[in-house]
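Report on the following structure.
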Amino acid sequence: MTAPTFLDTASGRRIAYHKTDGAGPLVVFLGGYKSDMEGTKAVWLEDWAKAQGRGFLRFDYSGHGQSSEAFVDGCIGDWADDAHAVIEAVTDGPLVLVGSSMGGWISLLMTQRLKGRVAGLVTIAAAPDFTEDSFWAGFDEDQRRVLEANGQLELPSDYPEPYIITRRLIEDGRSNLVLRSPLPLPFPVRFLQGTADTSVSTATALRLFEHAQGDDMRLLLVDGADHSFSTPDCLEVIASAITEVSSRAG
Numbered sequence: 001m002t003a004p005t006f007l008d009t010a011s012g013r014r015i016a017y018h019k020t021d022g023a024g025p026l027v028v029f030l031g032g033y034k035s036d037m038e039g040t041k042a043v044w045l046e047d048w049a050k051a052q053g054r055g056f057l058r059f060d061y062s063g064h065g066q067s068s069e070a071f072v073d074g075c076i077g078d079w080a081d082d083a084h085a086v087i088e089a090v091t092d093g094p095l096v097l098v099g100s101s102m103g104g105w106i107s108l109l110m111t112q113r114l115k116g117r118v119a120g121l122v123t124i125a126a127a128p129d130f131t132e133d134s135f136w137a138g139f140d141e142d143q144r145r146v147l148e149a150n151g152q153l154e155l156p157s158d159y160p161e162p163y164i165i166t167r168r169l170i171e172d173g174r175s176n177l178v179l180r181s182p183l184p185l186p187f188p189v190r191f192l193q194g195t196a197d198t199s200v201s202t203a204t205a206l207r208l209f210e211h212a213q214g215d216d217m218r219l220l221l222v223d224g225a226d227h228s229f230s231t232p233d234c235l236e237v238i239a240s241a242i243t244e245v246s247s248r249a250g
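Counted from 1, the sequence shown has number 123 at position 123 by UniProt numbering; the numbering is strictly sequential.
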């Protein structure tokens, strides 16, 4: 495993990243909640981009992977700031953003911050507004009281340790919602979603598709694909979507 490069941001956080130089538009991979840049999709896409002679960037949000800070202290606004900082610092020219799960939400925020630079967008099981529509909406009254009183709440997870949901994560999420106001996406967009995904529903994918505004948007449902979307066939679907939006970019 090659050692990453680090960026010290104005916020004082240290962000680990790998950047491959090549032809544009440069592909930026934005990972999911509690994921890191050594995941299957990020590494496979980097190898694919190298084989294509394309520029590629993958990185760890603060509290994730090899970047600084503790995961439990982070929130959507912090992770969006991390993404914005590393993209602005180490890239130039047009971009194709590829956002997985929470990275789909972060990538949508980036489309609004990086106006004029985004040439295309591919999301994979995008989870916009999940802190409000999944976490908060799914809490019962007792859980909400615990969160308000203690500032955090533990939930079971697929990881060795539980998810710790903080009040800051919920409150900050409300400042970054993208499905409650206009969401212009004036470039080619492909939303990818597996029908066997138990973390993000097809209803969420359809809600995003219907809410966003753009002249070249498509929602692709892959029968039987789960949330990881990391089988060989799914990885090829992602690569094809990147190629398609790149070729159609203005």
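A virtual CB, placed ideally from N, CA and C, is assigned to each residue, including glycine.
Beta-carbon proximity check, residue 192 vs residue 124, cutoff 8 Å:
What you label residue 192 is simply residue 192 of the sequence shown in a count that begins at 1. What you label residue 124 is simply residue 124 of the sequence shown in a count that begins at 1. Cβ atoms of residue 192 and residue 124: closer than 8 Å.
Is the region 96 to 107 touching the region 120 to 137, taking contact as three or more C-beta pairs under 8 Å?
yes
Out of 132, 168, 157, state which residue places its alpha-carbon closest to the alpha-carbon of residue 149.
The residue given as residue 149 occupies position 149 in the sequence shown. It is 168 whose Cα lies nearest to the Cα of residue 149.
Where do the N-terminal and C-terminal ends of the alpha helix (DSSP H) with residue 180 fall, by residue?
Taking the first residue of the sequence shown as 1, we reach residue 180 at position 180. Here residue 180 belongs to no alpha helix (DSSP H), and DSSP marks it neither H nor E.
Is it a yes or a no for the region 173 to 187 touching the region 204 to 220, going by three-plus beta-carbon pairs under 8 Å?
Inter-segment contact for the region 173 to 187 and the region 204 to 220 is present: three or more beta-carbon pairs are separated by less than 8 Å.
How big is the Cα-Cα spacing for residue 152 and residue 146?
Indexing the sequence shown from 1 puts residue 152 at position 152. Indexing the sequence shown from 1 puts residue 146 at position 146. Answer to the nearest angstrom: the Cα atoms are 7 Å apart.
According to the neighbour-count rule (16 or more other Cβ atoms, all chains shown, within 10 Å of its Cβ), is residue 224 buried or exposed?
Taking the sequence shown and counting its residues from 1, one reaches residue 224 at position 224. Exposed is the call here.
What ranges does the beta strand (DSSP E) occupy inside the UniProt domain "AB hydrolase-1" (45 to 155), keeping only unbroken runs of at least 3 residues that lie completely in it?
54 to 59, 95 to 100, 118 to 124, 152 to 155
Starting from residue 29 and walking both ways along the alpha helix (DSSP H), at which residues does that stretch end?
Locating residue 29 in the sequence shown gives position 29, where the first residue counts as 1. Note, residue 29: premise wrong, no alpha helix (DSSP H); beta strand (DSSP E) at 23 to 30.
Taking residue 16 as the reference, which of 85, 53, 41 has the closest Cα?
Counting from one through the sequence shown, the residue named residue 16 turns up at place 16. Nearest option by C-alpha distance: 85.
Cβ neighbour criterion (16 or more within 10 Å) applied to residue 51:
On the sequence shown, position 51 is the one that residue 51 refers to. Exposed, because fewer than 16 other Cβ atoms sit within 10 Å of the Cβ of residue 51.
Just confirm the distance between the C-beta atoms of residue 188 and residue 245, as a whole number of angstroms; I'd bet it's less than 8 Å.
Taking the first residue of the sequence shown as 1, we reach residue 188 at position 188. Taking the first residue of the sequence shown as 1, we reach residue 245 at position 245. Right, their Cβ atoms sit about 4 Å apart.
CA-to-CA distance, residue 173 to residue 48, given in whole angstroms:
Residue 48 sits at position 48 when you count from the first residue of the sequence shown. Residue 173 sits at position 173 when you count from the first residue of the sequence shown. So the alpha carbons of these two residues sit roughly 33 Å apart.
When DSSP builds the beta bridges, which residues end up paired with residue 206?
Reading the sequence shown from its first residue, position 206 is the one you call residue 206. None; residue 206 has no bridge partner.
Do residue 54 and residue 274 have their beta-carbon atoms positioned less than 8 Å apart in this structure?
Residue 274 falls outside the range modelled here, since the chain spans only 1 to 250, and no answer is possible.
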